[in-house]
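Protein chains in written order, with this note's numbering: chain V, 466 to 666; chain D, 466 to 666. For each residue, glycine too, the CB sits at the ideal point set by N, CA and C. Please read the structure below before turning to the comments.
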DNA sequence: TTAATTTGCTAACGAACGTTAGGAACCAGT
DNA sequence: ACTGGTTCCTAACGTTCGTTAGCAAATTAA
């Protein structure tokens, strides 16, 4: 009954520490010797667990990407629901992923460009598809009158801007929970959701 | 070869090329040899014009910071105008700086953390003051009823998020000019302004 | 007990890094 | 003709980089 077992494998510890360092100092500016020091071991020892520095970045970026994609899929499985509902669910899911692991999210958002081919192209493609899905939901929501904004394309940009900025300010002990953040975003950027009254103008 | 006279001094060329590279690949991932190659010279030659790599980053960051601060000062010199007008002018100025040099702005926004002390602290302090000024303008605009938002603090975050995101999508040949971008931002994030406000250029 | 796996070390590799020294060509103004 | 500034070169410096090889201790599985 070891209640204090190391719940994280060494490899997972490396991933976690690397994530924090990559976020704090940037991927390119983080050396393997720094990472090793943060783990309390020597640089060479890391290579008993991973193949390369970039493998660390790759795993972080694509794991977070998977989480975003899975959330989007879950939010939009029921084709019957109106676009605005899909969008609200998708934003909520996105915010929850961001909040669950702000470090990994920040790395995902800012350090992916240091991936090399072919991973880089694969990543960009995932990203493009994800953004396109949001653009579509917003466009359809505006088209059917549930969302109100003078410029759907601009609203999409603003939404992604706000989502990307979130890891910069979010603190777990803040006053807003994930659901409230998602609500604020939807309200502020898209005139809220249809609550019975939907009237352009 | 030189059909056009070099309107830019060599030092200015280095600054410009470094700005583009720092933006594209990141400060830490850009080597002096890369920079030299982009300029068509050898790495050592750069040091006839600058003292260090960080000096390049320092100059870029603080030059853009100066432009932002100057714009804010100009936008708010007339103490009589309502806060909402100050804000609208400040946003407009900010957008114009971002657009005038998107490369330098992107470096300013994303690479400043690679500054070392004491420049780093100085930079962060400038940044804090700048953001506080916007927070105040928004708060006062909401207080006097000119701006409408359910959560002024959140609106401030969203505004900065959108401003920070701008260099990521802005293209000079796009359909929105600076003034329209500033207008969209104010409208979308802050319920617009009282009508009839005209901007100094 | 034995075998395999996990984990870590020391020492070093070749490559790339930022930077410097010292010299040479060019150009401007005197 | 001389001077001072600008520009760039080659060659190298000491350092740090990501990574590997080879070995050893500890832990786990059989």
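Per-residue contacts from residue i into chain D (C-beta, under 8 Å)
i	result
residue 649(V)	615, 616 and 619
residue 627(V)	622, 623, 626 and 627
First and last residue of the uninterrupted alpha helix (DSSP H) at residue i
i	result
residue 682(V)	Outside the shown range of chain V, which is 466 to 666, sits residue 682(V), and nothing can be said about it.
residue 530(D)	518-540
residue 627(D)	617-634
residue 494(D)	Unbroken run through residue 494(D): none, as it is neither H nor E.
residue 486(V)	475-490
residue 646(V)	643-655
From the options, residue whose alpha carbon lies closest to that of residue i
i	options	result
residue 508(D)	573(D), 514(D), 550(D) and 497(D)	497(D)
residue 489(V)	549(V), 544(V) and 573(V)	573(V)
residue 518(V)	541(V), 547(V), 480(V) and 529(V)	480(V)
residue 618(D)	613(V), 640(V), 621(V) and 501(V)	640(V)
residue 511(D)	629(D), 474(D), 610(D) and 614(D)	474(D)
residue 549(D)	520(D), 600(D), 477(D) and 595(D)	600(D)
residue 593(D)	499(D), 520(D), 534(D) and 506(D)	534(D)
residue 522(V)	484(V), 561(V), 614(V) and 595(V)	484(V)
residue 678(V)	482(V), 477(V), 514(V) and 491(V)	This structure cannot speak to residue 678(V), because chain V is shown only from 466 to 666.
residue 634(D)	596(V), 499(V), 514(V) and 544(V)	596(V)
residue 580(D)	559(D), 520(D) and 547(D)	520(D)
residue 502(V)	478(V), 547(V) and 524(V)	478(V)
residue 504(D)	487(D), 514(D), 493(D) and 482(D)	482(D)
residue 513(V)	476(V), 493(V), 575(V) and 559(V)	476(V)
residue 547(D)	616(D), 607(D) and 516(D)	607(D)
residue 562(D)	605(D), 613(D) and 532(D)	532(D)
residue 576(D)	524(D), 616(D) and 560(D)	524(D)
residue 636(D)	493(D), 603(D) and 560(D)	560(D)
residue 615(V)	591(V), 655(V), 602(V) and 605(V)	655(V)
residue 544(V)	605(V), 515(V) and 495(V)	605(V)
Chain-ordered neighbours of residue i on chain V, where CB pairs are closer than 8 Å
i	result
residue 579(D)	491 and 494
Chain D residues whose Cβ lies nearer than 7 Å to that of residue i
i	result
residue 592(V)	Here the premise fails: no neighbours, minimum Cβ distance about 12 Å.
residue 654(V)	653
Whole alpha helix (DSSP H) elements within the region 537-573 of chain V, 4-residue minimum: 548-565
Validate contact between the region 639-653 of chain V and the region 530-540 of chain V using beta carbons, cut 8 Å, 3 pairs: no
For the region 584-596 of chain V and the region 638-649 of chain V, state whether three or more C-beta atom pairs, one from each stretch, are separated by less than 8 Å. no
Whether or not the region 546-555 of chain V and the region 525-532 of chain V are in contact is what I'm after, with contact meaning three or more pairs of Cβ atoms, one per stretch, closer than 8 Å; do they touch? no
Tell me whether the region 563-581 of chain V and the region 604-622 of chain V touch, counting them as touching only if at least three CB pairs, one residue from each stretch, are closer than 8 Å. no
Three-pair Cβ contact test at 8 Å for the region 625-634 of chain D versus the region 626-634 of chain V: yes
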